[in-house]
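Chains as they are written, first to last, in the numbering used here: chain V, 1290 to 1615; chain E, 26 to 453. In this text, a Cβ means the ideal position worked out from N, Cα and C, and glycines have one as well.
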C-alpha cells in the first residue's frame, strides 16, 4: 500500500497511457484523434516551455525554432534513409536538445527581455536556414506520405484488420499521448527534485542563489537541453501528422505564443498548470477553427491572455487555490 | 506543493477541465433539413482569411452560384446540394484537421479542395488514405508525387502544368524579336518554384541564355534591390513567378527603378484581382502576364463565362459583398470544378461509388462554362489553355476600365489574339 502511495504519480501516468490506448481501440471518430493530437502536442510543448520559463523564470520565445528543428530533422531522416517514426523522434529530440545546450551556453548570460529576444532570433535564424536548404524542401515545403502499414520490432503497428492500430492517426495520437505523459513525468521529477529547487532559487534571485552555492549556469544548461529536446521530440512527430510541412507552418509564431500563453493561463509554478492551459486553450482553439472559422481564434488567445494576466496573474491554478483557501 | 495543492483540489480541477473539454469538443450540430431526401453535402476548406483570401472569397461565390443553379434544376440525383466549409486561413496546418472534420464528423458525401497548390497539398494524403474522389481548384502539379487515380483538377495548364503554364508566354515573346537573354525570379514557395522550373525548361528550349535565376523569400517587403540586381544583368526578358503580395511589390519596384527588359511578367499571381488592378493602375502598363479569362471579344471559347461573370458582378453589387468586384480570375473555374463534379454524379447515379466516379471522369470530355474539359492520366488537363495578356491603355485607377475590352489584350494564342506585343518601356 505504501509502495502504491509512493509511486501513485507513476501509476497515474500508466493509467493515462492505458486510457489513451483504450481510446484508440474503441473505433471512435477519427476527428477525435486529429483534435486530440493537436491538444496533446500543445500540452507537451507547454510542459517543455514551463521547465525553463515557469521553474527558472527564463522566457523563451524560440519554441517554434526548437519545434521546427525537430520537424526538419525528421524530414531530413525520412529523405535520407526512410527512418521509422521512433528514430525520427529520438533524432529530433537529440538535435533540438543539443541546439538548446548550445543556445543556452551562448545566451543564458542574458536575462529578462534580452534572453527572450535572443530566443526569438534563434527561431528566425533556423527558419532562414531551412528556407534555403533544398534537401528538406526549402521554402516550397515537402510532402510526406507515411508508410501505410508500418512495423516496429517486427510488430505490425498500423493495419486495418491485423495491426495494433487500425489507422495511422490513432497510432500518432497514442504516440503523442505517450510523449506528453513522459514530458509531464520529467517536468514533475524536475519540480520535486534538487534541480527544481535550484531553478526556483534562480527564479527568485539568481545572484543570491549563486552566493548560496547553486551552480546556476550548470542548472540552466541542463534545463535548456531538456526543454529544447522535448520540444524537438514534439516537432518530430509533426511531419507524419501534417504530411505536408513548409517553413511558415513549422516555424509558426503561433507555437511560441501558445507555448507561453498555456502555462501562463494554467499556472507556471507546477507541472499541472501547462496541462490545464493546454487542454483549455487547445480545445477552445480546435473548436474555434471549425466554428468561428477564421483567424479569430488567435484573438481569443490574446484576449484570454490579457484577462488572465490582469485578473489571475498566477494562472487558473493560482486563482483556484486562492479561492479554495478562503 | 502538497500543502497548497491537495488531492481534493486536483481531482476537482481535472474533473472540471475534462468536463469542459468534453462539452466543447462535442460535434457542432449542422443544419438538419426536413426535406424528404437527404441533401448531398459537399465539403471543402477555403482561404477566406490570410494571403490567398482575395482568391478564396471569389471562388466561394462562384461555387455558390453553381449550387444555386444546380438546386434550381432539382439538385444532384434529385437531392439538394449543401456546402459544409471552413476557413483554412491560408494556413496549410489547418487543412488536415478540417478534412478530417468534414469526413468524420460532418459526414459529407464529397470533398473538393480549397483554392491553391499549397492548400491542396496537405489534403492529398487524407483523401488518398480514404480512397475517395478529389477535385482540386488551381493546383499546380499536386499529384506529381502521389499519382493518385482519383484526383482531378481545374487549372488549364496542360498535362505538364509546370511547363504548360509558361509555354504560351515564351511563344508570345517571339513576336518581340531580339530576345536572347532572360532573368528568372520566383517566390520561394511551391507553386511559384514549380512555375519557374517550367519557365527554365521553356527558356532552354527557346535557346535563351539564363543570366539570373533566383528565388526571393515570400515575406520580402522591398523589391527594389532585387529589381536592381536583375537590371545589372541586362536581361532582354524578365520572367517573374510571384504571389499576390510579391506581385504588387514587384510592379511598384519596377515602376520606381525601371528596367530595360523588353518583356516583364509571366507568372505573376494576383495581378488579375480587381483590388490589385485598381491599386496598381497605370503601373501595370506593359506587363506581359498569364491569365485565364479576360473581357476581350474573342473569348468565346468559354460560352457561359460571360453571363456567369455578369451574374457574379451583379450579386457582389446587390449584396455589397466584400470580395473581388470583377471575378474574372476565379469565378468561372470555381463554378466549373463543381459543374464537372455534378455532371459526373448525375451520369454515374451515385455519390458513393468513387471508383465509378473517377472512371467516368477519366473517359469523359466535359462541357462547362470554361469550354471543353478533358482530364489526363493524373488529373491534369490534356491541353494547356493559358492565355497571355499585356496590360495596355490603363489611364488611372478606375476599376470599370478593367471590365472593358482593351486593357488586357490577348497576345497568345494567336487564334484569339486581340493586340500586338509591345516592348515594356513603349507602354510606360
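Against chain V, with Cβ distances strictly below 8 angstroms, would residue i count as a contact?
{"i": "residue 111 of chain E", "result": "yes"}
{"i": "residue 106 of chain E", "result": "no"}
{"i": "residue 129 of chain E", "result": "yes"}
{"i": "residue 307 of chain E", "result": "no"}
{"i": "residue 405 of chain E", "result": "no"}
{"i": "residue 79 of chain E", "result": "no"}
{"i": "residue 59 of chain E", "result": "Only weak support exists for where residue 59 of chain E lies, its pLDDT of 37 falling under 50; the coordinates are left without a value."}
{"i": "residue 291 of chain E", "result": "no"}
{"i": "residue 188 of chain E", "result": "no"}
{"i": "residue 213 of chain E", "result": "yes"}
{"i": "residue 453 of chain E", "result": "no"}
{"i": "residue 254 of chain E", "result": "no"}
{"i": "residue 218 of chain E", "result": "yes"}
{"i": "residue 352 of chain E", "result": "no"}
Residue i by DSSP, collapsed to three states: which one?
{"i": "residue 178 of chain E", "result": "strand"}
{"i": "residue 141 of chain E", "result": "coil"}
{"i": "residue 331 of chain E", "result": "helix"}
{"i": "residue 1472 of chain V", "result": "helix"}
{"i": "residue 336 of chain E", "result": "helix"}
{"i": "residue 406 of chain E", "result": "strand"}
{"i": "residue 107 of chain E", "result": "strand"}
{"i": "residue 1323 of chain V", "result": "helix"}
{"i": "residue 49 of chain E", "result": "For residue 49 of chain E, the predicted structure reports a pLDDT of 44, less than 50, and the residue's modelled location is therefore unreliable. A value from the coordinates is still provided. Helix."}
{"i": "residue 451 of chain E", "result": "helix"}
{"i": "residue 436 of chain E", "result": "strand"}
{"i": "residue 199 of chain E", "result": "helix"}
{"i": "residue 1296 of chain V", "result": "coil"}
{"i": "residue 412 of chain E", "result": "strand"}
{"i": "residue 1613 of chain V", "result": "helix"}
{"i": "residue 1465 of chain V", "result": "helix"}
{"i": "residue 1456 of chain V", "result": "coil"}
{"i": "residue 102 of chain E", "result": "coil"}
{"i": "residue 354 of chain E", "result": "coil"}
{"i": "residue 1625 of chain V", "result": "Because residue 1625 of chain V is not part of the residues shown, which for chain V are 1290 to 1615, the question remains open."}
{"i": "residue 1594 of chain V", "result": "helix"}
{"i": "residue 1516 of chain V", "result": "helix"}
{"i": "residue 485 of chain E", "result": "With chain E running from 26 to 453 in the structure shown, residue 485 of chain E is simply not present."}
{"i": "residue 1364 of chain V", "result": "helix"}
{"i": "residue 1430 of chain V", "result": "coil"}
{"i": "residue 378 of chain E", "result": "coil"}
Taking only beta-carbon atoms, is residue i less than 8 angstroms away from chain E?
{"i": "residue 1432 of chain V", "result": "yes"}
{"i": "residue 1427 of chain V", "result": "yes"}
{"i": "residue 1335 of chain V", "result": "no"}
{"i": "residue 1378 of chain V", "result": "no"}
{"i": "residue 1318 of chain V", "result": "yes"}
{"i": "residue 1305 of chain V", "result": "no"}
{"i": "residue 1368 of chain V", "result": "no"}
With distances taken Cα to Cα, identify the nearest neighbour of residue i among the options.
{"i": "residue 416 of chain E", "options": "E:347, E:364, E:320", "result": "E:320"}
{"i": "residue 107 of chain E", "options": "E:146, E:144, E:65", "result": "E:65"}
{"i": "residue 1342 of chain V", "options": "V:1531, V:1527, V:1513", "result": "V:1513"}
{"i": "residue 1531 of chain V", "options": "V:1317, V:1292, V:1309, V:1324", "result": "V:1324"}
{"i": "residue 1320 of chain V", "options": "E:132, E:98, E:93, E:408", "result": "E:132"}
{"i": "residue 441 of chain E", "options": "E:90, E:164, E:301, E:317", "result": "E:317"}
{"i": "residue 1379 of chain V", "options": "V:1476, V:1452, V:1520, V:1587", "result": "V:1520"}
{"i": "residue 328 of chain E", "options": "E:145, E:393, E:374", "result": "E:393"}
{"i": "residue 95 of chain E", "options": "E:365, E:413, E:343, E:178", "result": "E:365"}
{"i": "residue 1365 of chain V", "options": "V:1459, V:1339, V:1526", "result": "V:1526"}
{"i": "residue 265 of chain E", "options": "E:288, E:292, E:257", "result": "E:292"}
{"i": "residue 1476 of chain V", "options": "V:1298, V:1291, V:1293, V:1294", "result": "V:1298"}
{"i": "residue 1491 of chain V", "options": "V:1503, V:1482, V:1375", "result": "V:1503"}
{"i": "residue 129 of chain E", "options": "V:1333, V:1438, V:1317, V:1452", "result": "V:1317"}
{"i": "residue 183 of chain E", "options": "E:408, E:126, E:277", "result": "E:408"}
Is the beta carbon of residue i within less than 7 angstroms of some heavy atom of the ligand NAD?
{"i": "residue 1538 of chain V", "result": "This structure lacks the ligand NAD; in fact it carries no ligand of any kind."}
Validate contact between the region 1391 to 1409 of chain V and the region 1350 to 1357 of chain V using beta carbons, cut 8 angstroms, 3 pairs: yes
Meets three-Cβ-pair contact criterion under 8 angstroms: the region 242 to 250 of chain E and the region 220 to 228 of chain E: no
Touching by the beta-carbon criterion (3+ pairs, under 8 angstroms), the region 140 to 153 of chain E and the region 1429 to 1436 of chain V: yes
Given 8 angstroms, three or more beta-carbon pairs between the region 445 to 453 of chain E and the region 415 to 430 of chain E: yes
The region 151 to 162 of chain E in contact with the region 187 to 195 of chain E per 3-pair CB rule at 8 angstroms: no
Contiguous alpha helix (DSSP H) assignments of at least 4 residues, all confined to the region 283 to 315 of chain E: 299 to 305
Alpha helix (DSSP H) segments (min. 4 residues) lying fully within the region 198 to 284 of chain E: 215 to 230, 249 to 257, 269 to 282
Segment contact flag, the region 229 to 236 of chain E with the region 1415 to 1429 of chain V, C-beta cutoff 8 angstroms, min 3 pairs: no
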